[in-house]
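For the record, in the sequence shown the residue sitting at position 262 is 1002 according to my numbering, with numbers rising by one throughout.
Ideal Cβ positions, reconstructed from N, Cα and C, are used throughout, including at glycine.
Model, not experiment: these values are computed from the prediction.
Structure first, commentary second.
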Amino acid sequence: MSFKGAAANSVSWGNHTADEIGEIGDRNGSILVVPVGSVEQHGNHLPVATDSILVEAVAVLGAERVTDDVPILTLPTFWSGFSPHHLHFGGTVSLEFEHMLGAIEDVADTALENGFDALVLLNGHGGNMSLIDSAVSTIGVDHDDVEVLGLTYFQLASGFIDEIRESDIGGMAHGGEFETSLMLHLCQELVDVDRLDGTYMDEPYDLGTKDLVEGGPLAVYRGFEEYSANGAIGDPGLASAGKGEQIFELLGDELESLLRDVHDRNR
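Right, dumping it as structure tokens:
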């Protein structure tokens, strides 16, 4: 399967006229989804746009699941993230924290002029998580008539991933079993299956993050060269397109449920 992209679907903001966008935004319980990704190295086997590709795919999946009942649009993916911890390996485009926060605030300020009742910032990159939390607060203060929400899509997998994963904790980190499986399902042609190599995540603090779906309460800054020789962290060798399809559809279930709840709360 190849992901068709936001430009080819009915929920894409960019496929509508200005009048159509305003009509959707003015409907009760309308939702605007902003996928936020990154362009950064993902080891030797995945493209640098992995985070942006995956968060866009999940955003579109969730929105398309509800579009018959919920007035909803997805903005084009905000493609550059906060990724200074990846710069050692090359291929990374990173924004300064305050610049990225300001840009997302500007996107929200102007897009919300079209009447939407709720804004969902859907994040696809671990390095953006604290920034998205900040954006929820700053945008929420400035738009007290809009419900502003933020989440990181791979955290939606915490309730079901143990039934799918084969790797131990640390195997579903950056470019590991989780992301590689999704990419094999969505964009197999972009995965170099001859270079599936990574190192299990080994965070020395017990309270630190263990992998994508096993977070900890302790925040620690490290360049990724401290975790991995090639930039991939986890076990991509255990990835498969079949696992990716399972994960993708279950992520869609979780996001669909949330979007329906957001719509109901804002009608």
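Asked, Found
"Note down the Cα distance separating L889 from G769, rounded to an integer number of angstroms.", "14 Å"
"If distances are taken between C-alpha atoms only, which option among G911, H925, L978 comes closest to V794?", "Before going on, a small fix: residue 794 reads as Leu here, not Val. Among G911, H925, L978, the Cα nearest to that of L794 belongs to H925."
"Can you tell me whether V860 is buried or exposed, with buried defined as 16 or more other CB within 10 angstroms of its CB?", "buried"
"Assuming I879 is part of the beta strand (DSSP E), what are its boundary residues?", "Where I879 is concerned, there is no enclosing beta strand (DSSP E), although the alpha helix (DSSP H) it sits in stretches over 869-882."
"Is it the case that the region 943-962 contacts the region 799-817, given that we only count it when at least three CB pairs across the two stretches are under 8 Å?", "no"
"Nearest CA to the CA of V751: which residue from A799, H782, A758, H785?", "A799"
"Bridge partners of P775, per DSSP?", "L862"
"How is the beta strand (DSSP E) around V888 delimited, first residue to last?", "887-892"
"If you follow the beta strand (DSSP E) that I973 is part of, which residue opens it and which one closes it?", "Here I973 belongs to no beta strand (DSSP E), and DSSP marks it neither H nor E."
"In the region 798-866, which residue ranges form an unbroken alpha helix (DSSP H) of at least 4 residues, counting only runs that do not cross its ends?", "837-851"
"Roughly how many angstroms lie between the CA atoms of V776 and D846, to the nearest whole one?", "14 Å"
"Roughly how many angstroms lie between the CA atoms of L891 and A858, to the nearest whole one?", "14 Å"
"With H, G and I counted as helix, E and B as strand and the rest as coil, what does DSSP make of E780?", "coil"
"Buried or exposed for Y940, going by 16 or more other Cβ atoms inside 10 Å?", "buried"
"Quick one: what does DSSP say D937 is sitting in, helix, strand or coil?", "coil"
"Have a look at the DSSP bridge pairing and note the partners of D946.", "D946 pairs with nothing; no bridge assigned."
"Tell me, to the nearest whole angstrom, how far the beta carbon of F822 is from that of L862; I am working on the premise that it is less than 8 Å.", "That belief does not hold up - the Cβ atoms of F822 and L862 are roughly 16 Å apart, past 8 Å."
"Nearest-angstrom Cα distance between E965 and R1005?", "44 Å"
"Determine the direct distance from the alpha carbon of D759 to that of A1067, and round the result to whole angstroms.", "Residue 1067 lies beyond the residue range present for the chain, which begins at 741 and ends at 1007; the question has no answer from this structure."
"Grouping DSSP H, G and I as helix and E and B as strand, with all else coil, what is M741?", "In this predicted model, M741 has a pLDDT of only 32, less than 50, meaning its place in the structure is not dependable; the value taken from the coordinates is given anyway. Coil."
"Do the region 907-924 and the region 809-822 touch if we need at least three Cβ pairs shorter than 8 Å?", "no"
"Consult DSSP for E985 and reduce its assignment to one of helix, strand or coil.", "helix"
"Which partner residues does L786 have in the DSSP bridge list?", "H782"
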